[in-house]
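Student: Residue numbers (the numbering used here): 4 to 251. The structure's right below; bear with me while I get my questions together.
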Amino acid sequence: MEILSSADENPVGILRPDSRKKFFLTCDHASSSIPPALCDLGLSKNELQRHIGWDIGALGVAQEISKRLDATLVWQNYSRLVVDCNRVLKHPGLIPQQVEATSILGNINITEEERRQRISEFYNPYHLKIKRLLDTRTEEGLETIFISIHSFTPVYLGHQRPWDLGVLYSDDVVYSHSVLDRLSRETNLRIGDNEPYQIDEKDCTIPLHALKRGLRNTLFEIKQDLITSTAHQISWGKKLSQILVETA
4 MEILSSADEN PVGILRPDSR KKFFLTCDHA SSSIPPALCD LGLSKNELQR HIGWDIGALG
64 VAQEISKRLD ATLVWQNYSR LVVDCNRVLK HPGLIPQQVE ATSILGNINI TEEERRQRIS
124 EFYNPYHLKI KRLLDTRTEE GLETIFISIH SFTPVYLGHQ RPWDLGVLYS DDVVYSHSVL
184 DRLSRETNLR IGDNEPYQID EKDCTIPLHA LKRGLRNTLF EIKQDLITST AHQISWGKKL
244 SQILVETA
């Protein structure tokens, strides 16, 4: 049975798909929305608005960078609790049953068919859109620097996280290190070098779309309490845009 109806929002959001500029942006966890058919996955509205459901503020920052750099931006319009588009298919967190202390009731004991349906309706269209846009850029001989925008909760499992901004990377250390070198001049910011996470075998978006193509890439993790307002998202979008331009 299909989850999305004709009245529901398309799972893939996009800005400036025809841009020929070098930066290409993604936002995997842009939204806290749950399709009506999934009945909020058994969670309250307050729970869905917490960090467990999305990367608070990340889309606003990504949209500001897209505007300033005239860059293509692709994002997922539904919550990571429906399906996490930055997890490989075999990872148990693809459709999480628990996040921190919160049980995701609508994800417990789902059938294999229900799992396949979520992948088909949300996960596959997102990654297919990114693939097709990158294929077109490759065919046209365009240079591409792949940037993924995320945000992180200041407190996780009771532990305070000291960073304001994290720069995450895997195999492509050269580009991310140039970004880190530039950020070292921002003396008012506490910068995490592959903190609070690292890109590893659980992750999908950068390994699948950037590393396999040999594209320069990095992932920004911004502390969520710094980007809760539109004004702060615009400010961070401006700051990161300038850093990207200077390191390209």
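The beta-carbon is built from N, C-alpha and C at its ideal position, and this holds for glycine as well.
Does DSSP put Cys42 in a helix, a strand or coil?
Tutor: Helix.
Student: What whole-angstrom Cβ distance do Pro210 and Ser173 have, given they're in contact under 8 Å?
Tutor: Indeed, because the Cβ distance is near 7 Å, the residues count as touching under 8 Å.
Student: Taking the C-alpha atoms as reference points, what is the distance between Ala234 and Gln227?
Tutor: If I take the Cα positions, the gap works out to 13 Å.
Student: Would DSSP call Thr105 helix, strand or coil?
Tutor: If DSSP states are grouped into helix, strand and coil, Thr105 belongs with the strands.
Student: Taking C-alpha atoms, which residue in Leu192, Ile98, Arg193 and Glu224 lies nearest to Asp202?
Tutor: One point to set straight first is that residue 202 is Ile, not Asp, in the sequence displayed. Measuring from the Cα of Ile202, the nearest candidate turns out to be Glu224.
Student: Would you mind working out which of Val170, Tyr200 and Lys24 sits nearest Asp159, comparing C-alpha positions?
Tutor: The amino acid occupying residue 159 in the given sequence is Tyr; Asp does not appear at that position. Out of Val170, Tyr200 and Lys24, Tyr200 has the C-alpha closest to the C-alpha of Tyr159.
Student: Can you tell me where the alpha helix (DSSP H) holding Gly169 begins and where it ends?
Tutor: Element bounds for Gly169: not the alpha helix (DSSP H) but the beta strand (DSSP E), Leu168 to Leu171.
Student: Below 8 Å on the Cβ atoms is my contact criterion, and I expect Ile122 with Leu92 to pass it. Report the Cβ-Cβ distance as a whole number of Å.
Tutor: About 7 Å separates the two Cβ atoms, so the contact holds.
Student: Ile148 and Arg219 look like a contact to me (Cβ under 8 Å); what is the Cβ gap, rounded to whole Å?
Tutor: With 8 Å as the limit, Ile148 and Arg219 qualify as a contact, their Cβ atoms being about 5 Å apart.
Student: State the Cα-Cα distance for the pair Cys42 and Pro20, rounded to the nearest angstrom.
Tutor: If you take the alpha carbons of Cys42 and Pro20, they lie about 32 Å apart.
Student: Could you tell me which residues DSSP puts in a beta bridge with Gly16?
Tutor: DSSP lists Trp78 as partners of Gly16.
Student: Would the beta-carbon of Glu50 fall within 8 Å of that of Glu124?
Tutor: No, Cβ-Cβ distance for Glu50 and Glu124 is not below 8 Å.
Student: Buried or exposed: where does Leu168 fall if 16 or more other Cβ atoms within 10 Å of its Cβ makes it buried?
Tutor: So Leu168 counts as buried.
Student: How many Å lie between Arg23 and Leu145 at the Cα?
Tutor: Each residue's alpha carbon lies about 7 Å from the other.
Student: Exposed or buried, what is Asp31 when buried is set at 16 or more other beta-carbons lying within 10 Å of its beta-carbon?
Tutor: That one is buried.
Student: Whole angstroms are fine: how far does the CA of Pro165 sit from the CA of His212?
Tutor: Approximately 30 Å between the Cα atoms of the pair.
Student: Using DSSP's beta-bridge definition, name the partner residues of Gly195.
Tutor: Answer is Gly169.
Student: Which residue from Ala10, Val248, Phe155 and Cys207 puts its Cα closest to that of Asp58?
Tutor: Among Ala10, Val248, Phe155 and Cys207, the Cα nearest to that of Asp58 belongs to Phe155.
Student: Quick one: residues in its chain with C-beta nearer than 8 Å to the C-beta of Gly240, no 5 flanking neighbours on either side, listed in chain order?
Tutor: Only Gly63, Val64, Ala65, Gln66, Glu67, Ile68, Lys70 and Arg71 meet the Cβ criterion.
Student: In three-state terms, what does DSSP make of Asn219?
Tutor: Asn is not the amino acid found at residue 219; the sequence shown has Arg there. Arg219 falls in the strand class under three-state DSSP.
Student: For Phe27, collect the residues of the same chain with a Cβ closer than 6 Å to its Cβ; drop the 5 residues on either side in sequence, then sort them by chain order.
Tutor: Counting only Cβ-Cβ distances below 6 Å, and skipping sequence neighbours, we find Thr75, Thr147 and Phe149.
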